[in-house]
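Structure, as structure tokens:
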Ligand code: EPU
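Numbering (my numbering), first residue to last: 4 to 358.
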């Protein structure tokens, strides 16, 4: 049976985005096999409809109903190749990220433990180069396989070609809207060493196991980050901002305790959560949207929020942070309008008095 016959109409997406926003997809299909991609894209193309792929829906802000075809990535499967000094693991894009991490640890293949409990799917992980507790995907990913809408064929990019950077990759830049990721390959070294130089992980013993790191990461995330099934959210709403050394010095003269981390090109990274928290905005709400009580970088759907509530709250936070610290926060979540993704700045505008 052709995959096209399983396309549904007017499907509610509230259970397909972790913010639990009520937006509808005009057309909707579950993708189980990479071979069906070509047919689905041709179907949307013939009707001149936009399309988008949703994995776990954990990094999306659905601003309104989507007028095209929503493809839910449900491709499954994990393949392991054992080499002399590493494991090569190929995971299908629709695998749940956390379950995949848990499985690798249980199989005695450590390396991904610091990235436990990040919501979403394997296929979404390279797009924004997910990261947590001193590790990012780029440290362990060796290849990404995808269907290219330019060549209409499957292609593979090496890690280098993926151009990974902080919460960024080629899939958000040149290849944006041109690929459907089908598989991600990881290279996990057998000479594993625990990465425990970040925050609460520093307290772990030197001989801690991968399972020990995994358990601690889960404990820390659960204590600060809300469970999307209980309280709708999309993880960190904003990126941690980069500032120049001059800017940092000016800020530190006023706030000596401000967390900051060295970044590339002589810049420093600030903790957006700290800036928002410093302004007393934890728990602050507008309509049904609120700043999370325990982690100010996370916005939550507290009570049947509409996308407009989240936008208004987001603008308010940007305005306050701009006025107090001369830092313009950029959303980390992806903004989706009726015909596809849009640059957040096109929706948010600039804070008053921002250049
Ligand atoms: N802080 C506060 N108040 C807050 C939040 C944070 O003072 O409300 C301070 C913390 O005490 C700490 C600093 O800000 O000194 C940084 O906070 P934290 O270690 O919690 O990490 P983060 O910078 O807020 C980043 C990632 C998270 C990831 C954590 C842990 C980004 C945008 N976010 O958050 O990723 O889990 O580090 O590594 O880089 C996500 O991307 O969705 C996500 C949750």
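Every residue, glycine too, gets a C-beta built ideally from N, C-alpha and C.
Within the same chain, show all residues whose beta-carbon is closer than 7 Å to that of residue i, passing over the 5 residues directly before and after it, in chain order.
i, result
"residue 300", "239, 240, 241, 275, 276, 279"
"residue 216", "116, 117, 197, 199, 204, 207"
"residue 123", "58, 59, 61, 62, 100"
"residue 340", "66, 67"
"residue 247", "270"
"residue 15", "25, 27"
"residue 211", "197, 199"
"residue 257", "none"
CB residue i to CB residue j, shorter than 8 Å?
i, j, result
"residue 29", "residue 18", "no"
"residue 213", "residue 108", "yes"
"residue 227", "residue 298", "yes"
"residue 318", "residue 351", "yes"
"residue 46", "residue 7", "yes"
"residue 143", "residue 189", "yes"
"residue 128", "residue 83", "no"
"residue 26", "residue 69", "yes"
"residue 245", "residue 328", "no"
"residue 251", "residue 89", "no"
"residue 22", "residue 236", "yes"
"residue 230", "residue 185", "no"
"residue 96", "residue 71", "no"
"residue 363", "residue 135", "No information on residue 363 is available, as it lies outside the stretch 4 to 358 that the chain covers here."
"residue 347", "residue 325", "no"
"residue 3", "residue 131", "Residue numbering for the chain in the displayed model covers 4 to 358; residue 3 lies beyond these limits and cannot be assessed."
"residue 220", "residue 308", "no"
"residue 225", "residue 64", "no"
"residue 74", "residue 56", "yes"
"residue 137", "residue 201", "yes"
"residue 282", "residue 323", "yes"
Once you ignore the five residues that flank residue i on each side, which residues in its own chain have a CB closer than 6 Å to its CB?
i, result
"residue 113", "195, 213"
"residue 272", "243, 245, 264, 266"
"residue 10", "30, 32"
"residue 293", "303, 305"
"residue 310", "24, 66"
"residue 315", "289"
"residue 223", "203"
"residue 50", "none"
"residue 359", "A question about residue 359 goes unanswered here, because the residues of the chain that appear run from 4 up to 358."
"residue 20", "60, 63, 65"
Less than 7 Å between the CB of residue i and some heavy atom of ligand 2, yes or no?
i, result
"residue 335", "For the structure depicted, ligand 2 is absent and the ligand set comprises only ligand 1."
For residue i, which residues in the same chain have their Cβ closer than 8 Å to its Cβ, ignoring the five residues on either side in sequence?
i, result
"residue 42", "5, 6, 7"
"residue 167", "129, 132, 139, 140, 141, 144"
"residue 1", "Because the chain spans 4 through 358 in this model, residue 1 falls outside it and cannot be assessed."
"residue 344", "55, 179, 180, 337, 338"
"residue 171", "131, 132"
"residue 262", "273, 274, 277"
Can you find a CB in chain C that lies within less than 8 Å of the CB of residue i?
i, result
"residue 112", "Of the chains in the structure shown, none is chain C; there is only one protein chain."
Evaluate the contact criterion for the region 282-294 versus the region 329-340: three or more CB pairs, one atom per stretch, below 8 Å. no
Runs of 3 residues minimum, wholly inside the region 295-349: which ones carry the beta strand (DSSP E) assignment? 301-304, 337-340, 343-345
Check whether the region 181-191 and the region 143-154 touch, using three or more Cβ-Cβ pairs below 8 Å as the test. yes
Would you mind listing the beta strand (DSSP E) stretches within the region 174-253 that are 3+ residues and don't spill past its ends, in chain order? 182-192, 235-239
Whole runs of the alpha helix (DSSP H) within the region 19-66, excluding any shorter than 4 residues: 40-49
Taking the runs of the alpha helix (DSSP H) that are 4 residues or longer, which of them lie wholly in the region 98-153? 100-109
Is it true that the region 65-79 meets the region 19-39, where meeting means three or more beta-carbon pairs spaced less than 8 Å apart? yes
Segments assigned alpha helix (DSSP H), at least 4 residues, entirely inside the region 251-290: 275-281
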